[in-house]
Amino acid sequence: MRYFTDCKTAEELKKAYRTWAKKLHPDLGGNAEEFKVMQAEYEKLWERLKNVHQNAQGETYTKETDETPQEFINIINTLVKLNGVHVELCGSWIWASGNTQPYKDVLKSLKFRWAHKKKAWYYHSEPYRKRSHRELTLDEIRDMFGSQSYSAKAEEEKKLKAVV
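Here my numbering is used: the sequence shown runs in plain steps of one and ends on residue 164.
Next up, the structure:
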């Protein structure tokens, strides 16, 4: 394993994939061949780790998933290109907020749904069943599952500062 050496859960693997996609994606100045090698490694490792998950407290648990590696790859490859959209991974959920209005149709085509009270789009591969009637805030979701964020605008600002 060259790219995903320390991944022990599906969430860690997804976070690592997103990081590598930002660096290696051909549309963002990366090498197409390296990107293909990284994707192949992700797909291979996904089959092993797809049912191993971790919560925010670091506890590992097993849960069956129907998600394919290609679904996640397609979503991340599309989201990486959307300027002004803040992307956040919370467990096995993907949240998109910020300037999403111009990309409404794109998000719908990726099977994202709008969470009116949270003012954000979300994606989850499996049907989700709430066990209570209580509405969770995004901060509560972050506390439960952990969170890793990315904003294309923030990445562009880092590049501009490095040039200046």
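Think of the CB as a built atom: it goes at the ideal place given N, C-alpha and C, for glycine as much as any other residue.
- Item | Bounding residues of the beta strand (DSSP E) (the contiguous stretch that carries residue 89) | In the sequence shown, residue 89 corresponds to position 89, counting from 1. Taken as a continuous stretch (DSSP letters only), the beta strand (DSSP E) holding residue 89 covers 85-90.
- Message: Given this structure, state the Cα-to-Cα distance separating residue 66 from residue 149, to the nearest angstrom.
- Response: Your numbering for residue 66 matches position 66 in the sequence shown. Your numbering for residue 149 matches position 149 in the sequence shown. For residue 66 and residue 149, the distance between alpha carbons rounds to 24 angstroms.
- Terminal residues of the continuous beta strand (DSSP E) containing residue 54? The residue labelled residue 54 in the question sits at position 54 within the sequence shown. 52-54 is the extent of the beta strand (DSSP E) around residue 54.
- Message: Once the 5 residues before and after residue 78 are set aside, which same chain residues still bring their CB inside 8 angstroms of it?
- Response: In the sequence shown, residue 78 corresponds to position 78, counting from 1. Only 106, 110 meet the Cβ criterion.
- Task: Please name the residue in 57, 19, 28, 141 whose C-alpha comes closest to that of residue 83.
- Result: If you number the sequence shown from 1, residue 83 lands on position 83. Of the candidates 57, 19, 28, 141, the one whose C-alpha sits nearest the C-alpha of residue 83 is 28.
- Message: Cutting at 7 angstroms between CB atoms, please list the residues of its own chain near residue 142, excluding the five before and the five after it.
- Response: Walking along the sequence shown from the start, residue 142 turns up at place 142. The residues are 90.
- Task: Quick one: give me the first and last residue of the alpha helix (DSSP H) that residue 78 is part of.
- Result: Counting from 1 along the sequence shown, the entry for residue 78 is found at position 78. Counting along the chain, the alpha helix (DSSP H) containing residue 78 begins and ends at 69-79.
- Decide if residue 53 is buried, meaning its Cβ has at least 16 other Cβ atoms within 10 Å, or exposed. For this step, residue 53 is matched to residue 53 along the sequence shown. It is buried - the Cβ of residue 53 has at least 16 other Cβ atoms within 10 Å.
- Item | Those residues which DSSP pairs with residue 98 across a bridge | If you number the sequence shown from 1, residue 98 lands on position 98. Residue 98 is bridged to 85.
- Message: Quick check on the DSSP output: what are the complete beta strand (DSSP E) runs of length 3 or more inside the segment 107-137, in order along the chain?
- Response: 113-115, 120-123
- Query: Alpha carbon to alpha carbon, what distance is there between residue 138 and residue 118?
  - Reply: On the sequence shown, residue 118 is found 118 positions in, with the first residue counted as 1. On the sequence shown, residue 138 is found 138 positions in, with the first residue counted as 1. Each residue's alpha carbon lies about 7 angstroms from the other.
- Could you check which residue in 140, 60, 40 has the C-alpha nearest to that of residue 12? Sequence index remark: in the sequence shown, residue 12 carries index 12 (1-based). Comparing Cα positions, the closest option is 60.
- Message: Here's a check: name, in chain order, each residue in its chain whose Cβ is nearer than 6 angstroms to the Cβ of residue 164, leaving out the five neighbours to either side.
- Response: Here residue 164 corresponds to residue number 164 of the sequence shown, with the count starting at 1. Any reading at residue 164 must be qualified, since the residue scores a pLDDT of 46, below 50, and its modelled position is unreliable; the value itself is stated next. If we look at residue 164 and ignore the five residues flanking it on each side, it has no Cβ neighbours.
- Query: For residue 9, which option in 86, 98, 76, 47 has the closest C-alpha, if you only look at C-alpha atoms?
  - Reply: Taking the first residue of the sequence shown as 1, we reach residue 9 at position 9. For the residues 86, 98, 76, 47, the minimum Cα distance to residue 9 belongs to 47.
- Message: For a test of the three-state rule: what should DSSP assign to residue 57, helix, strand or coil?
- Response: Within the sequence shown, residue 57 is the residue found at index 57, counting from 1. Three-state DSSP puts residue 57 in coil, outside helix and strand.
- Task: Taking residue 28 as part of the alpha helix (DSSP H), name the residues at either end of that continuous run.
- Result: As a working note, residue 28 is residue 28 in the sequence shown. It is not in any alpha helix (DSSP H) - residue 28 carries neither H nor E in the DSSP assignment.
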